[in-house]
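Peer 1:
Protein chains: 2
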Amino acid sequence: MSYKVLIVEDLPELLEAMSDFYRGKGAGLWEVVTASDGKDALTKVADNDFDLMILDIMLPGASGFDVCKAARSKGDCPIIFVTALGSENSILKGYETGCDDYVVKPFSLKQLYAKSLGLLKRSKKAEEGDLLRCGMITLNKRTMIVMVNDREVSINAKEYFLLVYLLENKDSILTRRAILERIWKDDLNVTDRAVDTAIRRLRDNLGEASGQIKTVIGRGYRLTEE
Amino acid sequence: MSYKVLIVEDLPELLEAMSDFYRGKGAGLWEVVTASDGKDALTKVADNDFDLMILDIMLPGASGFDVCKAARSKGDCPIIFVTALGSENSILKGYETGCDDYVVKPFSLKQLYAKSLGLLKRSKKAEEGDLLRCGMITLNKRTMIVMVNDREVSINAKEYFLLVYLLENKDSILTRRAILERIWKDDLNVTDRAVDTAIRRLRDNLGEASGQIKTVIGRGYRLTEE
DNA sequence: AGCGATGTGACACGAGTGTGACACGGGAAA
DNA sequence: TTTCCCGTGTCACACTCGTGTCACATCGCT
Chain A
0 MSYKVLIVED LPELLEAMSD FYRGKGAGLW EVVTASDGKD ALTKVADNDF DLMILDIMLP
60 GASGFDVCKA ARSKGDCPII FVTALGSENS ILKGYETGCD DYVVKPFSLK QLYAKSLGLL
120 KRSKKAEEGD LLRCGMITLN KRTMIVMVND REVSINAKEY FLLVYLLENK DSILTRRAIL
180 ERIWKDDLNV TDRAVDTAIR RLRDNLGEAS GQIKTVIGRG YRLTEE
Chain B
0 MSYKVLIVED LPELLEAMSD FYRGKGAGLW EVVTASDGKD ALTKVADNDF DLMILDIMLP
60 GASGFDVCKA ARSKGDCPII FVTALGSENS ILKGYETGCD DYVVKPFSLK QLYAKSLGLL
120 KRSKKAEEGD LLRCGMITLN KRTMIVMVND REVSINAKEY FLLVYLLENK DSILTRRAIL
180 ERIWKDDLNV TDRAVDTAIR RLRDNLGEAS GQIKTVIGRG YRLTEE
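Listed in order, the protein sequences are those of chains A and B.
In this text, residue positions in the first sequence follow numbering that gives the first Met the number 0: the first is 0, and each later residue adds one.
In this text, residue positions in the second sequence follow numbering that gives the first Met the number 0: the first is 0, and each later residue adds one.
Here's what the structure looks like:
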């Protein structure tokens, strides 16, 4: 089994150094595809399924961000940005666009490679664990991590289990009674309104995705893709 | 056991100072091989297996980069570049070529030596066993050595296995139950609170890195890069 | 408009966790 | 063997923080 990596970099020497490094590791562990300008990169992203991408940001043709966006709309393979020293804004923008990690020039190939392996392992794990998705919400039952638009949000225990219940029954209307029985289990001597409060706090923490929890008056709540 | 170091430098006085310095350290800790021009260096790289190389960039015959490349194609021993003041471009190119560290002339021999030891230790560790890293924490599963910011810390058995578990699942929230089943295995007749205590003692021993272990109330613990 | 249902803020209680101290037990040193 | 020490689990206490409830505002349906 080998991993397919796309390396995009316009400096010929650096591109060669990087691709040589990856090709040299393991016995054919990596299948390396390279591109030296944005247009070329976009074509290759469209035509292939990569396990990992390493993108320079400053590129002729199209920026690394554009390539990243194109890749994200297709799948969610891990992406590492390569950025020039001191361009913190780029890093920030990179994270917003949805990159997973970055290295700052000058960087050591070893360091880049270590990050590659790390990301790869993590994405493998994410595949294995059962993901619950709905609209902008992603919940990983194995890691118990909740993401909204690829940004992690922190929620409390009750809210977490409530969200799991909602996700497992998305589009269904869940009555307060049903929620109480599922989440509160043992101590059912709480008011129906406790559910309201839990829902409220969940909404608060979900931020932009709060609208996905709809109130169905007289019956309960339901989670939608909005 | 001794380490084999190649020092390449065309200034005779400096070359002598460096090699004397390394030879004087420890009782035969270093086996020093020297070269004063690129061609000589290339030959010696081809004929030997070094544990460390110190390369001047400006050389008659062939540049330090060429020597570095030759060395890289052969193995991956740590390399330190020696560069003249102000030539940042060289540094950049150095990292791209795959050097691990550099010093700028004029430099103190002590400083160079410190970097040497650091690199050596790191590369030794890296090749010996699988390293687990997260933030300032580095754990070597083979030697069972735990480092925080390159300083070794001593921890007990339970804490060690707990830390391994955390590192192998970094960013995941691990419930007390999961931890109990993994670490305590056989005798599950211990309280959940035993986990708390283990976590506390691990935190104590991790010192400055203690903050990387986050408490997730109602669910468990998780290790982050902070 | 009127009334029930839901959202929102504040507050208090209690579960969950950090921390120090202690006890038990096994292994090392004498 | 005895003695001591270190590792580890448990308990008690303090404190933080999650969470349910209440009161009031707002919304939505009839």
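No residue lacks a Cβ here, since even glycine has one placed at the ideal position from N, Cα and C.
Excluding the 5 residues flanking Lys-184 (chain A) on each side, which residues of the same chain have their C-beta closer than 7 Å to its C-beta?
Peer 2: Counting from one through the first sequence, the residue named residue 184 (chain A) turns up at place 185. None.
Peer 1: Please determine, among A:Gln-211, A:Ile-182, A:Val-152, A:Leu-118, the residue with the shortest C-alpha to C-alpha distance to Ala-197 (chain A).
Peer 2: As a position in the first sequence, residue 197 (chain A) is number 198, starting the count at 1. Cα-wise, what sits closest to Ala-197 (chain A) is A:Ile-182.
Peer 1: Tell me, please, whether the CB atom of Arg-218 (chain B) is closer than 8 Å to any CB atom in chain A?
Peer 2: Along the second sequence, one-based indexing puts residue 218 (chain B) at 219. Chain A contact via Cβ: present.
Peer 1: What are the complete beta strand (DSSP E) segments, minimum 3 residues, inside the segment 31-84 of chain A?
Peer 2: As far as the segment 31-84 of chain A is concerned, its whole beta strand (DSSP E) runs of at least 3 residues are 51-55, 78-82.
Peer 1: If you draw a straight line from the C-alpha of Tyr-2 (chain B) to the C-alpha of Leu-108 (chain B), how long is it?
Peer 2: In the second sequence, counting from the first residue as 1, residue 2 (chain B) sits at position 3. In the second sequence, counting from the first residue as 1, residue 108 (chain B) sits at position 109. Rounded to the nearest angstrom, the two C-alpha atoms are 17 Å apart.
Peer 1: Gly-210 (chain B) and Glu-225 (chain B) - do their beta-carbons sit closer together than 8 Å?
Peer 2: In the second sequence, the residue the question calls residue 225 (chain B) occupies position 226. In the second sequence, the residue the question calls residue 210 (chain B) occupies position 211. Taking 8 Å as the Cβ cut-off, Glu-225 (chain B) and Gly-210 (chain B) qualify as a contacting pair.
Peer 1: Kindly indicate which three-state DSSP category Glu-151 (chain B) falls into: helix, strand or coil?
Peer 2: Position 152 of the second sequence, counted from the start, is the residue given in the question as residue 151 (chain B). DSSP places Glu-151 (chain B) in strand when its eight states are reduced to three.
Peer 1: Please give me, in chain order, every unbroken run of the alpha helix (DSSP H) with length at least 4 that falls completely inside the segment 154-199 of chain A.
Peer 2: The qualifying runs are 156-167, 175-178.
Peer 1: Under 7 Å between beta-carbons, which chain B residues line up against Thr-142 (chain A)? List them in chain order, please.
Peer 2: Here residue 142 (chain A) corresponds to residue number 143 of the first sequence, with the count starting at 1. Under the 7 Å cutoff, chain B gives Asp-170, Ser-171, Ile-172.
Peer 1: Alpha carbon to alpha carbon, how far is Lys-213 (chain B) from Gly-206 (chain A)?
Peer 2: By one-based count along the second sequence, residue 213 (chain B) stands at place 214. By one-based count along the first sequence, residue 206 (chain A) stands at place 207. Taking the straight line joining both Cα atoms gives about 22 Å.
Peer 1: Hey, is the segment 214-223 of chain A in contact with the segment 37-54 of chain B, meaning 3+ C-beta pairs nearer than 8 Å?
Peer 2: They do not touch, by the three-pair rule.
Peer 1: What does Ala-61 (chain A) reach in chain B if we use C-beta pairs closer than 7 Å?
Peer 2: For the purposes of this step, residue 61 (chain A) is taken as residue 62 along the first sequence, with counting starting at 1. Those within 7 Å of Ala-61 (chain A) in chain B number zero; the least Cβ separation is about 23 Å.
Peer 1: Please report the distance separating the alpha-carbon of Tyr-21 (chain B) from that of Asp-55 (chain B).
Peer 2: Taking the first residue of the second sequence as position 1, residue 21 (chain B) is located at position 22. Taking the first residue of the second sequence as position 1, residue 55 (chain B) is located at position 56. Between Tyr-21 (chain B) and Asp-55 (chain B), the C-alpha separation is close to 16 Å.
Peer 1: Check whether the segment 41-56 of chain A and the segment 5-14 of chain A touch, using three or more Cβ-Cβ pairs below 8 Å as the test.
Peer 2: Flag = yes, the segment 41-56 of chain A and the segment 5-14 of chain A touch.
Peer 1: Going by C-alpha distance, which of A:Val-32, A:Lys-24, A:Gly-23, A:Leu-28 is nearest Glu-8 (chain A)?
Peer 2: Mapped onto the first sequence, residue 8 (chain A) falls at position 9. Selected option, being the one with the closest Cα: A:Val-32.
Peer 1: Count the other C-beta atoms from every protein chain shown that fall within 10 angstroms of the C-beta of Val-189 (chain B), then say buried if there are 16 or more, exposed otherwise.
Peer 2: As a first step, residue 189 (chain B) is located in the second sequence; it is residue number 190 there, counting from the start. Exposed, by the Cβ-count rule.
Peer 1: Could you please give the first and the last residue of the uninterrupted alpha helix (DSSP H) stretch that includes Gly-23 (chain B)?
Peer 2: Position 24 of the second sequence, counted from the start, is the residue given in the question as residue 23 (chain B). Element bounds for Gly-23 (chain B): 11-23.
Peer 1: Identify every residue that forms a DSSP beta bridge with Thr-214 (chain B).
Peer 2: On the second sequence, position 215 is the one that residue 214 (chain B) refers to. The partner list for Thr-214 (chain B) (beta bridge, DSSP) reads B:Tyr-220.
Peer 1: For Leu-166 (chain A), which residues from the same chain have a beta carbon less than 8 Å from its beta carbon, with the 5 sequence-adjacent residues on both sides left out?
Peer 2: Within the first sequence, residue 166 (chain A) is the residue found at index 167, counting from 1. Here the set comprises Leu-131, Arg-132, Cys-133, Ile-136, Leu-138, Leu-222.
Peer 1: Could you tell me the alpha carbon to alpha carbon distance between Val-44 (chain A) and Glu-180 (chain A), rounded to whole angstroms?
Peer 2: Here residue 44 (chain A) corresponds to residue number 45 of the first sequence, with the count starting at 1. Here residue 180 (chain A) corresponds to residue number 181 of the first sequence, with the count starting at 1. Cα-Cα distance, rounded: 48 Å.
Peer 1: Along chain B, in chain order, which residues have C-beta atoms closer than 8 Å to that of Asn-155 (chain A)?
Peer 2: Working through the first sequence from its first residue, we reach residue 155 (chain A) at position 156. Simply Ile-216, Gly-217.
Peer 1: How is Leu-28 (chain A) classed by DSSP in three states: helix, strand or coil?
Peer 2: For this step, residue 28 (chain A) is matched to residue 29 along the first sequence. Reduced to three states, the DSSP call for Leu-28 (chain A) is coil.
Peer 1: For Trp-29 (chain B), which residues from the same chain have a beta carbon less than 7 Å from its beta carbon, with the 5 sequence-adjacent residues on both sides left out?
Peer 2: By one-based count along the second sequence, residue 29 (chain B) stands at place 30. Within the same chain, Trp-29 (chain B) has close Cβ partners Ser-1, Tyr-2, Val-4, Tyr-21, Arg-22.
Peer 1: By DSSP, does Arg-141 (chain A) sit in helix, in strand, or in coil?
Peer 2: Locating residue 141 (chain A) in the first sequence gives position 142, counting from the first residue. Three-state result, Arg-141 (chain A): coil.
Peer 1: For Glu-158 (chain B), tell me which candidate among B:Gln-110, B:Ile-144, B:Cys-76 has the shortest Cα-Cα distance.
Peer 2: If you number the second sequence from 1, residue 158 (chain B) lands on position 159. The residue with the shortest Cα to Cα distance from Glu-158 (chain B) is B:Ile-144.
Peer 1: Judging by CA-CA distance, which residue of A:Ser-171, A:Asn-168, A:Lys-140 is the nearest neighbour of Ala-236 (chain A)?
Peer 2: The requested residue 236 (chain A) is not part of the displayed model; chain A covers only 0 to 225.
Peer 1: Expressed to the nearest angstrom, what Euclidean distance is found between the alpha-carbon atoms of Gln-110 (chain B) and Val-102 (chain B)?
Peer 2: Residue numbering aside, residue 110 (chain B) sits at position 111 when the second sequence is read from its first letter. Residue numbering aside, residue 102 (chain B) sits at position 103 when the second sequence is read from its first letter. When rounded, the distance between both Cα atoms is 8 Å.
Peer 1: Looking at the structure shown, is Lys-255 (chain B) part of a helix, part of a strand, or coil, going by DSSP?
Peer 2: Lying outside 0 to 225, the shown extent of chain B, residue 255 (chain B) is not represented and no answer is given.
Peer 1: Hey, would you say Cys-76 (chain B) sits closer than 8 Å to Leu-41 (chain B), going by beta carbons?
Peer 2: Here the question's residue 76 (chain B) lines up with position 77 in the second sequence. Here the question's residue 41 (chain B) lines up with position 42 in the second sequence. Going by C-beta atoms, Cys-76 (chain B) is not nearer than 8 Å to Leu-41 (chain B).
Peer 1: Sort out for me which residues DSSP pairs Arg-132 (chain A) with in a bridge.
Peer 2: Along the first sequence, read from residue 1 onward, the residue named residue 132 (chain A) stands at position 133. In DSSP, Arg-132 (chain A) forms a bridge with A:Thr-137.
Peer 1: Using only alpha-carbon positions, find the residue among B:Leu-201, B:Asp-46, B:Asp-65 that is nearest to Tyr-164 (chain B).
Peer 2: The residue you call residue 164 (chain B) lines up with position 165 of the second sequence. Checking every option, the nearest Cα to that of Tyr-164 (chain B) belongs to B:Leu-201.
Peer 1: Per DSSP, what are the beta-bridge partners of Tyr-112 (chain A) in this structure?
Peer 2: Working through the first sequence from its first residue, we reach residue 112 (chain A) at position 113. Paired residues: none, contrary to the question.
Peer 1: So, is Thr-142 (chain B) buried or exposed, given that buried needs 16 or more other C-beta atoms within 10 angstroms?
Peer 2: Here residue 142 (chain B) is taken as the residue at index 143 of the second sequence, counted from 1. Counting Cβ neighbours within 10 Å, Thr-142 (chain B) comes out exposed, since fewer than 16 surround it.
Peer 1: Thinking C-alpha only, which one of A:Tyr-112, A:Ile-79, A:Leu-118 is nearest Asn-168 (chain B)?
Peer 2: Residue 168 (chain B) sits at position 169 when you count from the first residue of the second sequence. Per the Cα distances, A:Leu-118.
Peer 1: Would you kindly work out how many angstroms separate the C-alpha atoms of Arg-298 (chain B) and Leu-161 (chain B), rounded to a whole number?
Peer 2: Limits of chain B in this structure are 0 at one end and 225 at the other, which puts residue 298 (chain B) out of reach.
Peer 1: Got a sec: is the Cβ-Cβ distance from Tyr-21 (chain A) to anything in chain B below 8 Å?
Peer 2: The residue given as residue 21 (chain A) occupies position 22 in the first sequence. Judged by the 8 Å Cβ criterion, Tyr-21 (chain A) is not in contact with chain B.
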